Amino acid sequence: MFKLFFLIIFFFNIMLVSFADTKWIKKKKNSNNQDNEKKIELVNESKDSNPPKILINDTITVESSSYVIEGKLLDESEKLFVILDNDTIEANNGIFKIKRFSPVDEQIEIVAIDQWGNKSSPKIINIVINSKDKKLTKSLEPLNPSKIKSINTNDKVGIVIGIDKYEKAPSADFANMDAKYFYEYLNNVFGISDSNLKLLINDNADLVGTITAINKWLPGKIKRDSTELFLFFAGHGLASTNGEELFLLSQDSDPDLLNRTALSRNELFQTILDLKPKSVTMFFDTCFSGISRDEQTLLASARPIRIIADEQNGIPENFTIFSASQLDQISSGLDGAEHGIFSYYLMKGLEGNADLNKDKKITNSELLSYMDQNVSNKALELGREQNPSLAGDPDKVLISYR
């Protein structure tokens, strides 16, 4: 009897110990579940202690602000997950996909975890959003000044001015590049020899340098009634306070002192007229709206004014003027192309693209039509309006080529 009583007590104690162990295991399992918002079920007995390896590029370029990136996890475990911003994403067969939205480049951090609770070190991924503007500039063909070659002649003269870094005004992005390239087009497409070309860039295009080129260098190059003059300007323009006069800003011009520090359009016209060239063709990649290419204000009180095709008053009879934009519009730039929109399509047109009827001649109206279509379309892609204008004879042949 005593032995039977002892055996009952012994088995009772074993059952108590077993019940206590089971309760502790369940409590431990519940505690592990609370560590993860997604409640990844972790097994109590770990079969490995190695964290998963993450296979994904450090930098990923995507084509839209809404994007999906894909990567792979390597591990012995059957169940694998990645954690991003406190969200847990299951990797099916080791493959994980992350859906994101970001209108700008971003940097994300992910961590991999297996079913045993082994976590990897954080993995940093740089996401590059290939925005609309970037795709726009990548689609543009490079400029090629040598596509059309003309015979050099002494009957043509050119002055090219480009200012992107102003002393007292915001930058005019890429205006210097516009000028450097257009110099080559005047040399190749128009056949103007280097000795008859004057290039003024940034510091060399200050007021003194500009006036010196126009009043001292140019008179020695112009032959009365026989020389064709071409002038290109890329930079800032402003109207006088009363809106009656246009000014081209030199590199050191003060927007508050236009009369004394900037180049008057009327004075420029008169100086050239006094030299009596056969013809004058001007290209202005500027606007007079008081806003820079990247939408910075030059002078709050400035009134916009434009030269348009229907407004011939003040434009000499033998002058042709191509302007980058209409009233109140901004002359825009293209970051990736590193040119103004107007300058880019002006030069592409001069490569023969503006020869709409393919007769080996480009008239003023053909060039304007080509630029207007392309400039306006690209400006709209940037969320802006820009339409080039022409003052002068639309039927005049600008260039002939073979």
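Each residue of the sequence shown is one higher than the last, beginning at 3 in the working numbering.
Backbone N, C-alpha and C define an ideal beta-carbon position, used for all residues, glycine too.
These numbers were taken from a predicted model, which means no experiment stands behind them.
8 angstroms Cβ cutoff met for residue i and residue j
i: VAL191; j: ILE129; result: no
i: SER345; j: ALA236; result: yes
i: ILE131; j: GLU353; result: no
i: GLU247; j: ASN217; result: no
i: SER255; j: PHE286; result: no
i: ASN94; j: ASN52; result: no
i: LEU358; j: LEU392; result: no
i: LEU182; j: ILE203; result: Sequence check: residue 182 is Lys here, not Leu. Yes, these two residues count as a Cβ contact at 8 angstroms.
i: GLY239; j: PHE249; result: yes
i: SER148; j: PHE103; result: no
i: ILE100; j: LEU86; result: yes
i: ALA177; j: LEU251; result: no
i: GLN388; j: ILE323; result: no
i: MET349; j: LEU142; result: no
Inter-residue Cα distance where the pair is residue i and residue j
i: THR243; j: SER266; result: 13 angstroms
i: LEU82; j: ASP89; result: 14 angstroms
i: MET284; j: GLU108; result: 45 angstroms
i: TYR405; j: ASN59; result: There is no way to answer for residue 405, as the model of the chain reaches only from 3 to 404.
i: ASN379; j: SER173; result: 24 angstroms
i: TYR69; j: PRO390; result: 37 angstroms
i: ASN206; j: ILE213; result: 11 angstroms
i: LEU209; j: ASN320; result: 26 angstroms
i: ALA381; j: MET373; result: 12 angstroms
i: ILE1; j: GLU383; result: As shown, the chain starts at 3 and ends at 404. That puts residue 1 outside it, with no answer to give.
i: LYS280; j: ASP395; result: 14 angstroms
i: GLU340; j: VAL377; result: 15 angstroms
i: PRO124; j: THR288; result: 50 angstroms
i: SER367; j: ASN355; result: 13 angstroms
i: LEU277; j: ARG226; result: 7 angstroms
i: GLU186; j: THR61; result: 39 angstroms
i: ASN198; j: ASP180; result: 19 angstroms
i: SER152; j: ILE126; result: 55 angstroms
i: ALA431; j: ASP196; result: One cannot answer for residue 431 here, as it falls past the ends of the chain, which runs 3 to 404.
i: ILE224; j: LYS167; result: 30 angstroms
i: ILE194; j: PRO257; result: 34 angstroms
i: LEU400; j: GLU169; result: 35 angstroms
i: GLY211; j: LEU188; result: 21 angstroms
i: THR273; j: ILE317; result: 13 angstroms
i: PHE234; j: VAL282; result: 11 angstroms
Counted within 10 angstroms of its Cβ, other Cβ atoms place residue i as buried (16 or more) or exposed
i: ALA304; result: Caution applies to ALA304, whose pLDDT of 37 falls short of 50 and renders its modelled position unreliable; the value that the coordinates give is listed next. It is buried - the Cβ of ALA304 has at least 16 other Cβ atoms within 10 Å.
i: PHE184; result: buried
i: THR155; result: exposed
i: TRP219; result: exposed
i: LYS398; result: exposed
i: GLN375; result: exposed
i: GLY351; result: buried
i: SER402; result: exposed
i: VAL106; result: exposed
i: LEU275; result: exposed
i: LYS137; result: Caution is warranted here: a pLDDT of 47 is assigned to LYS137, below 50, making its placement in the model unreliable, and the coordinate value is therefore given only provisionally. Counting Cβ neighbours within 10 Å, LYS137 comes out exposed, since fewer than 16 surround it.
i: GLY385; result: exposed
i: LEU259; result: exposed
i: GLN117; result: buried
i: THR229; result: buried
i: GLY222; result: exposed
i: SER261; result: The question names Ser, but residue 261 is Asn in the sequence shown. Exposed, by the Cβ-count rule.
i: PRO54; result: buried
i: ASP175; result: buried
i: ASP50; result: exposed
i: GLN253; result: buried
i: ARG404; result: exposed
Bounding residues of the beta strand (DSSP E) (the contiguous stretch that carries residue i)
i: SER378; result: Careful: SER378 lies outside any beta strand (DSSP E), inside the alpha helix (DSSP H) at 366–383.
i: THR63; result: 61–64
i: GLN117; result: Looking at the DSSP string, GLN117 is not in any beta strand (DSSP E), and its letter there is neither H nor E.
i: TYR69; result: 68–76
i: LYS99; result: 97–103
i: ILE323; result: 321–325
i: ALA181; result: Here ALA181 belongs to no beta strand (DSSP E); instead the alpha helix (DSSP H) covers 177–190.
i: ASP87; result: Element bounds for ASP87: n/a, residue is neither H nor E.
i: ILE343; result: Unbroken run through ILE343 is the alpha helix (DSSP H), 343–350; no beta strand (DSSP E).
Bounding residues of the alpha helix (DSSP H) (the contiguous stretch that carries residue i)
i: THR155; result: No alpha helix (DSSP H) contains THR155, which DSSP labels as neither H nor E.
i: PHE285; result: Here PHE285 belongs to no alpha helix (DSSP H); instead the beta strand (DSSP E) covers 281–287.
i: VAL407; result: As displayed, the chain neither begins before 3 nor continues past 404, which places residue 407 out of reach and without an answer.
i: ILE274; result: 267–277
i: ASN261; result: 260–263
Chain D contact for residue i (CB, 8 angstroms cutoff)
i: THR214; result: Chain labels in this structure do not include chain D; a single protein chain is all it has.
Closer than 7 angstroms: residue i CB and nearest the ligand SAH heavy atom
i: PRO147; result: In the structure on display, the ligand SAH does not appear, and there are no ligands present to speak of.
Below 8 angstroms, can you find three or more Cβ-Cβ pairs linking the stretch 148–165 to the stretch 361–369? Contact fails: fewer than three Cβ-Cβ distances are below 8 angstroms.
Whether or not the stretch 112–130 and the stretch 68–75 are in contact is what I'm after, with contact meaning three or more pairs of Cβ atoms, one per stretch, closer than 8 angstroms; do they touch? Flag = yes, the stretch 68–75 and the stretch 112–130 touch.
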